[in-house]
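Notes for the one structure printed next.
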Amino acid sequence: MSPRTPGADLPEHPDFLWRSPEPKRSYDVVLVGGGGHGLATAHYLAKNHGITNVAVLEKGWLAGGNMARNTTIIRSNYLWDESSAIYEHALKLWEGLEEDLGYPILFSQRGVLNLAHTLQDVRDSVRRVEANKLNGIDAEWLEPDEVRKICPVVNTSADIRYPVLGATYQPRAGIAKHDYVAWGFARRADEAGIDLIQDCAVTGFATDGNRVTGVHTTRGTIAAGKVALCAAGHTSVLTDMLGIRVPVQSHPLQALVSELLEPVHPTVVMSNAVHVYVSQAHKGELVMGAGVDSYNGYGQRGAFHIIERQMAAAVELFPVFARAHLLRTWGGIVDVSPDASPIVGRTPYDNLYLNCGWGTGGFKATPGIGSALAHTIAHDEPHPYVAPFSLDRFVTGALVDEHGAAAVAH
Amino acid sequence: MTSTSRTAEGGRIDRATTLEFTFDGQPFTGHPGDTLASALLASGRHQIATSIKLGRPRGVAAAWAEDPGSLVQIEEPFPEPMLLATTVELYDGLAAHGLPGQGRLAEVPDSARYDAVHHHVDLLVVGAGPAGLAAALTAARAGARVAVVDEQSEAGGSLLSGTERLDGAPALQWVAAAVAELAEHPEVLHLQRTTAFGSYEDGFVLALERRTDHLGATAPKHLARQRVWRFRARSIVVATGAHERPVVFTDNDRPGIMLAGAARTFLHRYGVLPGREAVVFTTNDSAYDAALDLHRVGVCVQAVVDARPEGSARREECERAGIRVLPGAVVTGTQGVDRVTHALVAPFVDGEVGAGSAIACDLLLVSGGWNPAVHLFSQARGRLRYDEGLGAFLPGEELDGLSVTGSATGVSDLGGCLAHGQRVARAALAALAITPAGDDRLPAAPEAVVPTAPLVLWRVPDSSGAEGSTQFVDLQRDATVADIARAVGAGLRSIEHIKRYTTIGTAHDQGKTSGVLTSGITAELLGIPVQDTGTTTFRPPYTPVAFAALAGRDRGRLFDPERVTALHEWHVAAGAVFEDVGQWKRPRYYPQPGEDMEAAVLRECAAARTGVGILDGSTLGKIDVQGPDAAVLLDRLYTNLISSLKVGSVRYGVMCGVDGMVIDDGTVLRLAEDRFLVLTTTGGAAKILDWMEEWVQTEWPDLRVHCTSVTEQWVTFPVVGPRSRDVIGAVFPDVDVSNEAFPFMTWRDTTLEGVPVRLARISFSGELAFEVYVNPWYAVAVWERLLEAGRPYGITPYGTETMHVLRAEKGYPIIGQDTDGTVTPQDLGMGWAVSKKKPDFVGKRSFARPANQDPLRKQLVGLLPTDRQTVLPEGSQIVEFFPDGQLPPPPVPMLGHVTSSYRSAELARPFALALVKGGRERIGDTVHVPVNGTLVPVEVTGSVLVDPEGARRDG
Amino acid sequence: MAELLRTHPLEAWTTAFERLPDTVGIAVEPFVAMADVRLGTVDSEAGTRLGVDLPTEANTWVPAEAGRAVWLGPDEWLLSSTTEAPEELEARVRAAVLPLGGSATDVSAQRIGLRLTGARVRDVLAKGCSVDLHPRVFGRGSSAQTTLGQAGVVLLSLSDTGEDHVVLVRSSFAGYLADWLLDAALEFTHTPTR
Amino acid sequence: MQLIECPWCGPREEVEFSYGGQAHVPYPDDPGGLSDEEWAHYVFFRDNTKGRFAERWNHSIGCRRWFNAIRDTATYRFERVYRLDDPKPVTP
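Residue numbers (numbering that gives the first Met the number 0), protein chains in the order written: chain D, 0 to 409; chain W, 0 to 954; chain X, 0 to 193; chain U, 0 to 91.
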């Protein structure tokens, strides 16, 4: 065989991934949503708690929602203690995940730069870096010349509309290959005897007083000892069936990819003021995203002017990208909470657990929330990492306001 | 290199002109009208690149954007990664090379221009082939506003590739006449080299026009290289044709293996002989045209291998010409290295392959049928339907405002396409209430021969023993039948999973040829109908689009508007260093020669505290609130009481969101019983006007009040410092500027040379200060008058940095800097600005929530580094005092953070403002701030550090 | 003392505008008094008091005595006058509409006007304006509040040929819009050298 | 890029509009009389319907008027727009 061209391919997937079982009549735990969070939760239920009489119900194909649509950025440098704790928990798991899953997830700790373009960006960035350091998270503030050293293609000229005044840098942050991650969790769960049931849409719930007793699906009714909702953008559709109100709004979030390019971009760059985030994935394609579309939408697509604005931002920040080509655009559905932090934990139903509101943070949290939610389900008690993210914080006012404070999304 | 494979005549190329180019470093020639691919083929060059994973030689396999083989990198005149040689029009000086893997970006910025244009039409026709032209003519003749766009360099579509005749003459004569007629209609826009790449809601179609690429180095620099057309069409006709589909067989990827239709294109359009000895492998009748056409120009057609047991009704036609036809046979494999040398042909009975033989050839043409180009229809959320007979996905429903015509619907004959195009256009016009013209004639096409039914064959069973591992489905990804089989074996059922497992359809061509094949092969392997497998989603763009084209003109200076005040030129001339505040450019400080920021700011601060300074505060938001209920509205939106404010007076106020968090602050001037001027922060101007409108319109429509932005109606110049009274008094001699006549927090109107001026005793510095408001037409004149009058007192213009220092010394917060959306007025120590009298105002109820009662809420306090030297970096975190001066290991609990920090001329030491947990209880405590690895001890103080008694405001 | 000098935000662009060919003429409109008028009900009394019948059809403007009345919304108009001082216009209009429950605000300096004339002006506008400006749709008397490039504008059509427009833009965006227009006009102003 | 029908200005591109979330959520008559939970529901909780949704829009670049719309959040299609003083249409 000839030597492979750079960017030729990715590691091969295993010869066997998962069964396609018929649903049983009853499970100890039913996880609704076969995305990253549902699959990770399944894996950790089996691995950490020995709970394997579990079904993961997926209305489409496994990991076909946001897991297949995100830009795969992984970092833990969030502002607030509560946020950085769970994301750092996740990051530590990411660091051992390839081994845990026995799957080449291509976790590449190439670092993430969050650029600052205004004096207020600088203040917010320093604040976050200092908080991260005190929380034991690797974080640095970089001056523009240091930014240029890490990512030479960033335009650090002082003569642009919004010059780069510096950046925060988390060296341990990076990217992973999303399908590989999801499939790694799925394969492990399947190996443990957990049933991954696709094309199985939930149409309703059977309840008895304060308990959910089963799940009605397009493949029949399935009795459940405990139920957890891991449906991201579609959470409200499920909670509406249960009469629970959850303060999330589902918005389109778009992303795009270029053709395969020789390596030019060694890290991950995010910019809020010049709105774009970019990495160059393993095969060489530029993967980019921007902000959410303003309106509620379940359509897995957004408006093209968002893409155009993102391209303007990309070319402004990375002039050499001018003749890279947009190859494909797509959209996911992000469920955004009022304080841009997730909502995880118990619900008015004793045996129903909620996991939603991750907004743009869902992918990077995957192993962290999977293990914490599994713990919460197994012990019927919120894991300390998820306790601050309870639904009742909106009543007490004890929010974990990530957008108000950090002004850093994604 | 000479053109060894050019026909003697014919084609759409300009043989009189020779273009020189290089490929892989070698010199070649071609002609205007050529593509890079046709010019290379004309020189006998078939291999373009090697494949990405396996390094196998790959060549030109199709003639346009569906080609999976001819990936090239452009190097000259400007590097552009990853284009198809089949879509690159040739120009003089082109330098390119074959591209196996990754494209290369230029290392220098692209100086080419790109732009975008909005265009509205009744009917947008995508595709200028026979159906599209028929539709366009029909609409144009009816007087409709029409745009017709086509991705090729000239109109004609499939007619460019054949020998069809219309009205008894070559069909291209009709094309020329149609193009000429369209040009006669003033309401018709006809664009070639323009690819409609995305279709969206409400008739919105984006198209990319390649305006100057084909001109190479001679492209005029002032023209946009590429233009994005933003069509808004009342109705869309999609006439995008069909892509020929290959059949997968073993070693189907060698250079010289090409779609049958592509060979006709190279022959008829480009005058290229794609080979000398050809084998044609087909499942349908269309490839017979290729066989006969090649035969006519002297290519030795060794055999037509027809997979259908009965072959075709056209067999005789071939045999009359001496071409051998092998019905019930397939190509099972090929030989050759960098070009095909033999096709392995074997009988094919009931899906089984028999013993075969090798037929020598240097060209192997393949046709497995046609896939209608349904991309735009599918992008517009049209459902697709699988057609068993054609083995293709067709539009499966009617869409409002978008119809598909011609071979994109599966119609295959010329007359049928013309008639269909006309019919669809007429229906679209009727829906728009536009009457078709009476004279709407289309040319007569020869009567269509009913073709023998095609056979749907995705792949030929692999008799080589390689189990499909060299049966290429997606050539760009080197993905094979074996890969699909492996994916199915891994338990995958969804076509989306199979795509991800195999990476099929993810490369440059986004699966144009491989997509449907994958669906078919997967269905076969799973034993389910193709309809159930479906396709992966068609996503924009149809073909790749350069980032810069989508950025358009929103680059450089025009990336985002720069907002400036009426004094901007003055600030520039005065050497100001600017700060971006939202879109505004504000002077941050005015360094004098040799000064750094710190020196300049210390000088500016000292002037304001001891003499007089002047600021351009014009960016502050200003809202005129008028009406009998104006005070009611403001009472509901501000935390404090506004209605008690007297006409002629000014009050500071705070606004909260419904969550009780501070969103803005500023002063309010009561201009009349029914009129207020509301000042907002610079960043809050638009937001607060919207906020007011939202409440008035959606909640309190009964309030008789109107809000109007007057941000740019008034410039605002704070004149600040103990000598400000002298300056104001000198410039406005008719105003009594004494404290008695003009007290703090009042305003007065006056005139200057007949021009109305408003003066207000407002101070954001604690010093005696006057704000001067005037129409910006007179901004420069008034500013210069003030400077002139202040000269004896050393009046000093100052910028935002000094403004920040002065206000911070007084403990005045900047919303957005000292607050972050989690801060209440009480947290800021502004409980005094929260009315106890008003029954309600926006945000009030939230103050009663449990979290608002927490004694450990963060509160705004002052910090004084005890070393009297360290300027704490803004954003620094605050921790408990550690007596040993060492941070314990993480996590270290944080008490809050530094929001503002400066060196104070007045205090002769640095100071800071900070949000600290239970901060007011901690006044007097010493805490630590980690700075660059050391712990800086700081004393917690009240937030007002200068003139806490407020003695200075009256001078 | 001398009379106060007035300065226009686009003074520095004067030369660039003067160099433009007639096909893409851009000229700075003189300073003019403008008032934002809010009024719930428009009737003949309002017309009499104001001296102009405010247009009630969306996206239109009408000539007023020595100025224009531009529809901005169902209860909002922009009234201009070339003969009154800003404060005079505001005072007169405010007095006229106050008894009717309306209000008026001087916005003379809030926006500046640019006159765009010539055969290619519509092509220039089409590079950044998504409203259909075809003269059959956007003839004389049409107006639109929309965006041009990234600036909010009020666009007025002064002809039935599509060759005469006024663009009103917030003064702080004037420089941006001037640059934007000159850049958009480049392809029509450049003298080909080859 | 959708066209949104402003009830006053007619159809304009969606970039001229800003989104205001769920419609018909009135400010409570007596916020002080609400429990923390009831108040939280007013402040933070909005329906997140998949399908027909009554929501608020503002023609912020145009006439600055707020209006309501019934839009399908799955298809994004606007079924109708109506003025603030119109009653909420009965959706099937």
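In this text, a Cβ means the ideal position worked out from N, Cα and C, and glycines have one as well.
Fair warning: this is a prediction, and the values are worked out from it, not measured in the lab.
Please state the DSSP three-state secondary structure of GLU578/W.
For the purposes of this step, residue 578/W is identified with residue 579 of the second sequence, where counting begins at 1. Strand, per DSSP.
Which partner residues of ILE358/W appear in the DSSP bridge assignment?
Walking along the second sequence from the start, residue 358/W turns up at place 359. DSSP lists ALA342/W as partners of ILE358/W.
Consider the Cβ of TRP65/U: report whether some Cβ of chain W lies at a distance smaller than 7 Å.
Taking the first residue of the fourth sequence as 1, we reach residue 65/U at position 66. Yes, because at least one Cβ of chain W sits closer than 7 Å to the Cβ of TRP65/U.
Contact criterion: CB-CB distance below 7 Å. Does GLY140/X meet it with respect to chain U?
Position 141 of the third sequence, counting from 1, holds the residue named residue 140/X. So no, GLY140/X is outside the interface.
PRO56/W: buried (16+ other C-beta within 10 angstroms of its C-beta) or exposed?
Working through the second sequence from its first residue, we reach residue 56/W at position 57. Buried.
Quick check: the region 396–404 of chain W against the region 318–333 of chain W, are at least 3 beta-carbon pairs closer than 8 Å?
With a cut-off of 8 Å, the region 396–404 of chain W and the region 318–333 of chain W do not count as touching, because too few Cβ pairs lie within range.
So, ARG74/D versus VAL111/D, is the Cβ gap smaller than 7 Å?
Within the first sequence, the letter at position 75 stands for residue 74/D. Within the first sequence, the letter at position 112 stands for residue 111/D. Going by C-beta atoms, ARG74/D is nearer than 7 Å to VAL111/D.
Which chain U residues sit within Cβ distance under 9 Å of VAL822/W?
Counting from one through the second sequence, the residue named residue 822/W turns up at place 823. By Cβ distance, chain U contributes nothing, its closest Cβ being about 17 Å from VAL822/W, past 9 Å.
Distance cutoff 7 Å, beta carbons only. Does PRO30/U sit that close to anything in chain W?
For the purposes of this step, residue 30/U is taken as the residue at position 31 of the fourth sequence. It does: the Cβ of PRO30/U has a partner Cβ on chain W nearer than 7 Å.
In whole angstroms, give me the CA-to-CA distance for ALA565/W and LEU123/W.
Working through the second sequence from its first residue, we reach residue 565/W at position 566. Working through the second sequence from its first residue, we reach residue 123/W at position 124. For ALA565/W and LEU123/W, the distance between alpha carbons rounds to 45 Å.
Find the nearest neighbour of ALA321/D within the set VAL236/D, TRP329/D, VAL275/D, MET310/D, judged by alpha-carbon distance.
Translated into the one-based positions of the first sequence, residue 321/D becomes position 322. Here the closest residue by C-alpha is MET310/D.
Just reading off the alpha helix (DSSP H) that THR745/W is part of, what are its end residues?
Stepping through the second sequence from its first residue, residue 745/W is reached at position 746. Neither: THR745/W is in no alpha helix (DSSP H) and is coded neither H nor E.
Given that a residue counts as buried once 16 or more other Cβ atoms are within 10 Å of its Cβ, and exposed if not, what is GLY32/D?
Against the first sequence, residue 32/D aligns to sequence position 33. By the 10 Å Cβ count, GLY32/D comes out buried.
Name the residue from LEU894/W, SER234/W, VAL247/W whose alpha carbon lies nearest to the alpha carbon of SER366/W.
Against the second sequence, residue 366/W aligns to sequence position 367. The option with the nearest alpha carbon to SER366/W is VAL247/W.
Does GLY19/U get closer than 7 Å to chain X when you measure Cβ to Cβ?
Looking up residue 19/U in the fourth sequence gives position 20. False, the Cβ-Cβ gap to chain X never drops below 7 Å.
In this structure, what does DSSP give as the bridge partners for GLN253/D?
For this step, residue 253/D is matched to residue 254 along the first sequence. Answer by DSSP bridge pairing, in chain order: GLY330/D.
Mark ALA406/D as exposed unless 16 or more other C-beta atoms lie within 10 angstroms of its C-beta, in which case mark it buried.
Locating residue 406/D in the first sequence gives position 407, counting from the first residue. Unreliable positioning characterises ALA406/D in this predicted model, as indicated by a pLDDT of 40, which lies under 50. The coordinate reading is nonetheless provided below. Flag for ALA406/D reads buried.
Give me the residue from THR940/W, GLN696/W, ASP579/W with the minimum Cα distance to ILE159/D.
Stepping through the first sequence from its first residue, residue 159/D is reached at position 160. Checking every option, the nearest Cα to that of ILE159/D belongs to ASP579/W.
For GLY957/W, return the contacting residues in chain D, with the cut-off set at a CB-CB distance below 9 Å.
With chain W represented from 0 up to 954, any question about residue 957/W goes unanswered, as that position is not in the structure.
Could you tell me whether any Cβ in chain W is nearer than 7 Å to the Cβ of PHE320/D?
Position 321 of the first sequence holds residue 320/D. Output row for PHE320/D: interface = yes.
Just the C-alpha distance for VAL304/W and VAL279/W, rounded to the nearest angstrom, thanks.
Here the question's residue 304/W lines up with position 305 in the second sequence. Here the question's residue 279/W lines up with position 280 in the second sequence. Rounded to whole angstroms, VAL304/W to VAL279/W spans 6 Å at the Cα level.
Within this structure, are the beta carbons of LEU56/D and ILE50/D separated by less than 7 Å?
As a working mapping, residue 56/D is identified with position 57 in the first sequence. As a working mapping, residue 50/D is identified with position 51 in the first sequence. The answer is no: Cβ separation not under 7 Å.
Check each candidate in HIS12/D, LEU9/D, ILE85/D and name the one with the smallest Cα separation from PRO381/D.
Taking the first residue of the first sequence as position 1, residue 381/D is located at position 382. Among HIS12/D, LEU9/D, ILE85/D, the Cα nearest to that of PRO381/D belongs to ILE85/D.
Determine the direct distance from the alpha carbon of PRO151/D to that of VAL756/W, and round the result to whole angstroms.
Taking the second sequence and counting its residues from 1, one reaches residue 756/W at position 757. Taking the first sequence and counting its residues from 1, one reaches residue 151/D at position 152. Rounded to the nearest angstrom, the two C-alpha atoms are 52 Å apart.
Look up ASP588/W in the DSSP assignment and give the residues it is bridged to.
Counting from one through the second sequence, the residue named residue 588/W turns up at place 589. In the sequence as displayed, the identity of residue 588/W is Tyr instead of Asp. Beta-bridge pairing links TYR588/W to VAL576/W.
Okay, do the region 88–102 of chain W and the region 117–137 of chain W touch, 3+ Cβ pairs below 8 Å being the bar?
Touching, no.
Are the CB atoms of ALA323/D and LEU285/D nearer to each other than 7 Å?
By one-based count along the first sequence, residue 323/D stands at place 324. By one-based count along the first sequence, residue 285/D stands at place 286. Yes, the pair counts as a contact, with Cβ atoms nearer than the cut-off.
What residue range does the alpha helix (DSSP H) around GLN309/D cover?
Stepping through the first sequence from its first residue, residue 309/D is reached at position 310. Run containing GLN309/D: 303–316, per the alpha helix (DSSP H) assignment.
Look at ALA478/W and VAL487/W and say whether their C-beta atoms are less than 7 Å apart.
Taking the second sequence and counting its residues from 1, one reaches residue 478/W at position 479. Taking the second sequence and counting its residues from 1, one reaches residue 487/W at position 488. Not a contact, by the Cβ cut-off of 7 Å.
Just list the residues that DSSP pairs ASN67/U with in beta bridges.
The residue you call residue 67/U lines up with position 68 of the fourth sequence. Beta-bridge pairing links ASN67/U to ARG55/U, TYR81/U.
On the criterion of 16 or more Cβ atoms from any shown chain inside 10 Å, does HIS378/D qualify as buried, or is it exposed?
What you label residue 378/D is simply residue 379 of the first sequence in a count that begins at 1. Flag for HIS378/D reads exposed.
Can you list, in chain order, the residues of its chain whose CB lies under 7 Å from that of PHE265/W, leaving out five sequence neighbours each side?
For the purposes of this step, residue 265/W is taken as residue 266 along the second sequence, with counting starting at 1. Counting only Cβ-Cβ distances below 7 Å, and skipping sequence neighbours, we find SER37, LEU40, ALA62, VAL271, PRO273.
So, with DSSP's three-state summary, where would you put VAL268/D?
By one-based count along the first sequence, residue 268/D stands at place 269. Note: VAL268/D maps to strand in three-state DSSP.
Would ILE60/U pass as an interface residue toward chain X - the criterion being a Cβ-Cβ separation below 7 Å?
Stepping through the fourth sequence from its first residue, residue 60/U is reached at position 61. Closer than 7 Å: yes.
Verify the CB distance criterion: does ARG848/W have a CB-CB separation below 7 Å to chain U?
By one-based count along the second sequence, residue 848/W stands at place 849. For ARG848/W, the answer is yes, since a Cβ of chain U falls inside 7 Å of its Cβ.
Can you give the Cα-Cα distance for GLU139/D and GLU597/W, rounded to whole angstroms?
Start at 1 with the first residue of the first sequence, and residue 139/D comes out as number 140. Start at 1 with the first residue of the second sequence, and residue 597/W comes out as number 598. About 25 Å.
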